[in-house]
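Numbering (the UniProt record's numbering), first residue to last: 1 to 276.
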């Protein structure tokens with residue numbers, strides 16, 4: 001199995017086929033008839049619309065990684081969380097990834113959240129998943145729907161940064177101090193420093209606990225091999241701790257993207273070698 005076929009999500013393969021189909025269709029039309037100016041304009045507009053619907057490499061990777069998240073194991077307590085560095089395990093051009101993520105964030109399709117202590121540690125949610133998660137928790141935990149709806153319709157809709165300060169909350173979004181306190185209690189804001197808050201994912205602690213547990217399990221499996229290396233296919237078949245609920249494939253993308261292992265293409269498949 002080639003590395004490209006292993007690490008590239010199926011949705012991205014579909015993208016390539018769709019691009020090919022568009023080009024083939026255009027060539028067929030050109031060969032069979034000479035189009036009028038009006039029909040040519042119509043065809044070009046249609047092709048542009050088709051291409052606009054094709055997700056970028058980064059968005060395709062996000063959709064694939066989202067599909068790996070085992071929602072059923074968390075009983076609706078978590079949305080499908082994606083780690084930013086996991087995208088790097090699929091799209092190797094990190095500059096391209098960062099640019100396309102910035103575009104998706106600017107367009108309101110995704111939200112980024114700070115986690116961990118490293119400056120580059122970010123998690124990603126599709127905005128719709130984040131909104132649904134917050135709304136569901138509001139219903140389940142008797143949190144003030146009025147304040148949460150205000151948060152969704154102002155901060156979530158219009159604010160693209162990972163943190164927000166008191167001035168913005170009060171002057172721009174017209175929150176009162178007691179409403180901000182309510183949002184902190186609801187865990188949609190967490191304290192960054194005095195007068196500044198991180199936007200956050202309610203129940204993020206559950207995710208972090210499982211992330212740390214699963215990452216440790218994956219690294220331990222590799223450490224116990226003779227040369228601290230293992231084929232990716234073999235790792236996927238290893239017995240996985242029941243309490244590491246995110247799953248082995250999710251963590252393979254985690255440890256690759258976080259540069260905890262080197263990926264080496266061999267004739268027998270992808271070899272994951274633990275970094276010193």
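Ideal Cβ placement from N, Cα and C applies to all residues, glycine included.
Residue pairing by DSSP places residue 114 opposite 122 in a beta bridge.
Between residue 228 and residue 274, the C-beta gap is smaller than 8 Å, which places the two residues in contact. Inter-segment contact for the region 55 to 64 and the region 175 to 189 is absent: fewer than three beta-carbon pairs are separated by less than 8 Å. In the three-state reduction of the DSSP assignment, residue 75 falls in the coil class, being assigned neither a helical nor a strand state. Counted as a single uninterrupted DSSP element, the alpha helix (DSSP H) harbouring residue 149 occupies residues 145 to 151. Between residue 131 and residue 156, the CB-CB gap stays under 8 Å.
Following the DSSP letters along the chain, one finds residue 229 in no alpha helix (DSSP H) but inside the beta strand (DSSP E) bounded by residues 229 to 231.
In the DSSP assignment, residue 273 falls within the unbroken beta strand (DSSP E) covering 269 to 274.
Residues 143, 186, 202, 203 of the same chain have their beta carbon placed closer than 8 Å to that of residue 137, with the five preceding and five following residues left out of the count. Between the beta-carbon of residue 70 and that of residue 215 there is about 16 Å, and that puts the pair past the 8 Å contact cut. In the DSSP assignment, residue 210 falls within the alpha helix (DSSP H) that extends over 204 to 223. Just so you know, the alpha carbons of residue 152 and residue 200 end up roughly 13 Å apart. Residue burial annotation: residue 57 is buried, with at least 16 other C-beta atoms found within 10 angstroms of its C-beta. Closest option to residue 259, judged by alpha-carbon separation, among 81, 272, 266, 267: 272.
Put simply, of 76, 102, 237, 105 the residue whose alpha carbon is nearest the alpha carbon of residue 221 is 237. One thing to note: residue 81 has its Cβ within 8 Å of the Cβ of residue 125.
For a cut-off of 8 Å, the C-beta gap from residue 106 to residue 115 is around 21 Å, too long to register as a contact. In this structure, residue 249 keeps its C-beta atom at 8 Å or more from the C-beta atom of residue 255.
Between residue 198 and residue 192, the alpha-carbon positions lie close to 6 Å from each other. Ranking 159, 139, 146, 103 by CA distance to the CA of residue 176 puts 146 first.
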